[in-house]
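Colleague: Heads up: the sequence shown at position 64 corresponds to 135 in our numbering, and the numbers run straight through without jumps.
Sending over a structure as structure tokens; questions will come in a sec.
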Amino acid sequence: MDSQQDTAVFAPSGEPDEAAVLAYLKAHPDFFIRNAAQITDMTIPHPVKGAVSLVEWQLGRQRERIGTLTDDLMQLMIQAHENEYLFSRLLKLLASLSAATSLDDFSERLNQWAKGLKLSHAKIRLFTDSWRLGAPFRHQDLALSRAHFETVRLSRFGDRNHYLGQLTAPEIQLLLPDSAFVGSASVSMLGGQHDLGVVIFVSRDKHHYQKDMGTAMLDQVAYFLPQLLQRWVELA
Numbered sequence: 072m073d074s075q076q077d078t079a080v081f082a083p084s085g086e087p088d089e090a091a092v093l094a095y096l097k098a099h100p101d102f103f104i105r106n107a108a109q110i111t112d113m114t115i116p117h118p119v120k121g122a123v124s125l126v127e128w129q130l131g132r133q134r135e136r137i138g139t140l141t142d143d144l145m146q147l148m149i150q151a152h153e154n155e156y157l158f159s160r161l162l163k164l165l166a167s168l169s170a171a172t173s174l175d176d177f178s179e180r181l182n183q184w185a186k187g188l189k190l191s192h193a194k195i196r197l198f199t200d201s202w203r204l205g206a207p208f209r210h211q212d213l214a215l216s217r218a219h220f221e222t223v224r225l226s227r228f229g230d231r232n233h234y235l236g237q238l239t240a241p242e243i244q245l246l247l248p249d250s251a252f253v254g255s256a257s258v259s260m261l262g263g264q265h266d267l268g269v270v271i272f273v274s275r276d277k278h279h280y281q282k283d284m285g286t287a288m289l290d291q292v293a294y295f296l297p298q299l300l301q302r303w304v305e306l307a
């Protein structure tokens with residue numbers, strides 16, 4: 072039976088058939104034990120060393136697998152560290168904003184949090200058709216026309232909920248009219264439906280915010296800010 076299987080390993084041309092060889096080795100797992108001495112002497116072509124023994128080749132493969140697993144583990148550790156940092160920062164912000172005693176205090180606490188991230192400041196703008204911003208509400212600097220913002224949204228956001236990068240002079244005049252210098256900024260749509268306004272974080276460094284940056288922290292901030300703001304501002 073074995074001799075028939077051995078013969079089946081060869082193609083009609085007399086050359087070994089690779090598929091049949093693999094099938095034979097799988098069917099005879101003791102092959103490597105029975106031929107240990109010969110296997111030790113076998114060599115395999117190597118692009119750098121010319122040739123290596125089968126044992127050395129196998130060890131190299133194992134080292135590659137270990138290296139890949141190590142890289143994967145390092146990535147997981149980095150992600151875990153980043154997630155821990157993210158959670159810590161968000162928890163600190165949420166605790167601070169929840170303790171605010173007025174809308175002015177709320178805005179100042181948000182600014183201080185931004186400065187803790189080495190940013191210049193933060194600004195909230197609320198769409199006038201989503202919030203009750205008429206008298207006696209006195210914080211008119213928060214009001215933003217949705218129609219006026221639509222041009223920015225179409226040119227900067229596309230189908231995203233954030234824009235990260237530099238702003239033009241007209242965009243700064245619309246969104247941040249009181250800001251002395253804006254290098255770059257993140258502009259995030261507020262609310263679960265992304266339709267209540269924007270929160271803007273400003274950096275003096277024009278290269279700080281880049282379009283390919285992650286937005287996990289901004290997602291969370293933009294989501295919970297409107298809920299906290301409703302202590303002082305009513306939804307329309």
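Even for Gly, the Cβ is constructed at its ideal location relative to N, Cα and C.
How would you call Met288, buried or exposed, if buried means at least 16 neighbouring beta carbons within 10 angstroms?
Modeller: buried
Colleague: Could you name the residues that DSSP lists as bridge partners for Tyr280?
Modeller: BP columns for Tyr280 are empty, so no partner.
Colleague: Under 8 Å Cβ to Cβ from Ile243, same chain only, skipping five residues before and after it: list those, please.
Modeller: Ser250 and Val253
Colleague: Relative to the C-alpha of Leu235, which residue among Val223, Thr222, Ala256 and Ser216 is closest?
Modeller: Ala256
Colleague: Who does Trp184 pair with in a DSSP beta bridge?
Modeller: According to DSSP, which records beta bridges pairwise, Trp184 is partnered with nothing at all.
Colleague: Take every Cβ of the segment 194-202, pair it with every Cβ of the segment 275-283, and state whether three or more of those distances are shorter than 8 Å.
Modeller: no
Colleague: Just list the beta strand (DSSP E) runs in the segment 191-230, keeping only unbroken ones of 3 residues or longer that don't cross its boundaries, in chain order.
Modeller: 192-198
Colleague: Quick check on DSSP: helix, strand or coil for Val258?
Modeller: strand
Colleague: In whole angstroms, what is the alpha-carbon distance linking Leu245 and Leu267?
Modeller: 17 Å
Colleague: Can you name the residues that DSSP bridges to Gly268?
Modeller: As DSSP reads the structure, Gly268 sits in a beta bridge with Leu197.
Colleague: Evaluate contact between the segment 257-266 and the segment 166-175, counting only Cβ atoms and requiring at least three cross-stretch pairs below 8 Å.
Modeller: no
Colleague: Assign His99 to one of three DSSP states: helix, strand, or coil.
Modeller: Of the three classes helix, strand and coil, the one that applies to His99 here is coil, per DSSP.
Colleague: Could you say if the segment 285-305 and the segment 173-192 meet the contact criterion of at least three C-beta pairs nearer than 8 Å?
Modeller: yes
Colleague: Would a C-beta distance cut-off of 9 Å place Val269 and Ile195 closer than the cut-off?
Modeller: yes
Colleague: Look up Leu235 in the DSSP assignment and give the residues it is bridged to.
Modeller: Ser257
Colleague: So, is Leu238 buried or exposed, given that buried needs 16 or more other C-beta atoms within 10 angstroms?
Modeller: buried
Colleague: For the segment 118-173, list the alpha helix (DSSP H) runs that are entirely contained and at least 4 residues long, ordered along the chain.
Modeller: As far as the segment 118-173 is concerned, its whole alpha helix (DSSP H) runs of at least 4 residues are 125-169.
Colleague: Can you give the Cα-Cα distance for Lys186 and Ile271, rounded to whole angstroms?
Modeller: 13 Å
Colleague: Might you give, ordered along the chain, the residues of its own chain that have their beta carbon closer than 7 Å to the beta carbon of Arg160, omitting 5 neighbours on each side?
Modeller: Met288
Colleague: Note down the Cα distance separating Gln146 from Tyr294, rounded to an integer number of angstroms.
Modeller: 28 Å
Colleague: Ignore the nearest five residues each way along the sequence and tell me which others in Ser167's own chain have a CB closer than 7 Å to its CB.
Modeller: Arg180 and Trp184
Colleague: Given this structure, state the Cα-to-Cα distance separating Gln129 from Leu188, to the nearest angstrom.
Modeller: 49 Å
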